[in-house]
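**Student:** Below you'll find the structure I mean.
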Amino acid sequence: MTYDTDLLVVFIKAHLLILSVSENDKVSSVKELLFEQLKIPVNRQRLLYKGRLLADDHKLRHYSIGPDAKLHLIARPLVDWSGVPSSSSSCSPQAGVWQTVSTILARHFSPADAAKVYEQLMKDYERSLRQLSLDDIERLAGRLLHPDGEGVDTSYMD
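For what it's worth, my numbering labels the leading residue of the sequence shown as -7, then goes sequentially.
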């Protein structure tokens, strides 16, 4: 097999993964590679390219996916019969929050729309974090560490 294309796969913005694939590879092959790297079962993976859900049986060239293309991976949550997400997945707390957001969006939007809303939410969140000043962070830390305000000079917080 020859590799003539590198794909950038984005998963919850915290995970960026570059895969070397051929335009003749099927989407299902890409999902297998993702399983090897991320241990997310293939049946839980949804791949999007330019807001479009990719079908497992199509080849990458069907979607005109070329060099340095950017795919978005959405992992469906593990769900038991009661409808409650399983706790068997071992994700970081931050990844868990974003996975929950992804799950909620998937309930209310089509896969393509959910991906767009998710991406915009991530952009807004990251922009908000970048705009925090040191003073903002100090005030936030003071409020979180001392919620009742005891023993903390709060005169500068107004």
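Positions of the beta carbon are idealized from the N, C-alpha and C atoms, including for glycine.
Apart from the five residues just before and just after residue 58, which ones in its own chain have a Cβ nearer than 8 angstroms to its Cβ?
**Tutor:** Only -3 and 15 meet the Cβ criterion.
**Student:** Using a Cβ-Cβ cut-off of 7 angstroms (strictly less than) and excluding sequence neighbours within five positions of residue 47, which residues of its own chain qualify?
**Tutor:** Result list for residue 47: 19, in chain order.
**Student:** Determine the extent of the alpha helix (DSSP H) in which residue 23 is found, giving its start and end residues.
**Tutor:** Start and end: 19 to 30.
**Student:** What did DSSP end up calling residue 68 once you bin it into helix, strand or coil?
**Tutor:** Three-state result, residue 68: coil.
**Student:** Leaving out the 5 sequence neighbours to the left and right, which residues in its chain are closer than 7 angstroms to residue 62 when beta-carbon positions are compared?
**Tutor:** Excluding positions up to five away in sequence, the list reads 0 and 2.
**Student:** Determine the contact status of residue 66 and residue 38, defining contact as a CB-CB distance below 8 angstroms.
**Tutor:** Yes, the pair counts as a contact, with Cβ atoms nearer than the cut-off.
**Student:** Kindly list the residues whose CB is nearer than 7 angstroms to the CB of residue 83, restricted to its own chain and excluding five residues on each side of it in sequence; keep chain order.
**Tutor:** Interpretation of residue 83 is limited by its pLDDT of 47, a score under 50 that renders its predicted location unreliable; the figure taken from the coordinates is listed afterwards. Within the same chain, residue 83 has close Cβ partners 91.
**Student:** Can you have a look at residue 94 and say buried or exposed, based on whether 16 or more other CB atoms are within 10 angstroms of its CB?
**Tutor:** By the neighbour-count rule (16 or more Cβ atoms within 10 Å), residue 94 is buried.
**Student:** Can you tell me where the beta strand (DSSP E) with residue 12 in it begins and where it stops?
**Tutor:** Run containing residue 12: 7 to 13, per the beta strand (DSSP E) assignment.
**Student:** What is the DSSP secondary structure of residue 128, reduced to helix, strand or coil?
**Tutor:** Helix, per DSSP.
**Student:** Mapping DSSP to helix, strand and coil, what is residue 37?
**Tutor:** Residue 37 falls in the strand class under three-state DSSP.
**Student:** Where DSSP assigns a beta bridge to residue 122, which residues make up the other side?
**Tutor:** None; residue 122 has no bridge partner.
**Student:** Do you know offhand how far residue 98's Cα is from residue 64's?
**Tutor:** Each residue's alpha carbon lies about 14 angstroms from the other.
**Student:** Between which residues of its own chain and residue 106 is the CB-CB distance below 6 angstroms, once the five residues before and five after are set aside?
**Tutor:** Excluding residues within five positions, the ones whose Cβ falls inside 6 angstroms are 97 and 98.
**Student:** By Cβ distance, which residues of its chain are closer than 6 angstroms to residue 17, with the 5 residues on each side in sequence left out?
**Tutor:** Around residue 17: 52.
**Student:** Would you say residue 44 and residue 55 are within 8 angstroms of each other, going by their C-beta atoms?
**Tutor:** Contact: yes.
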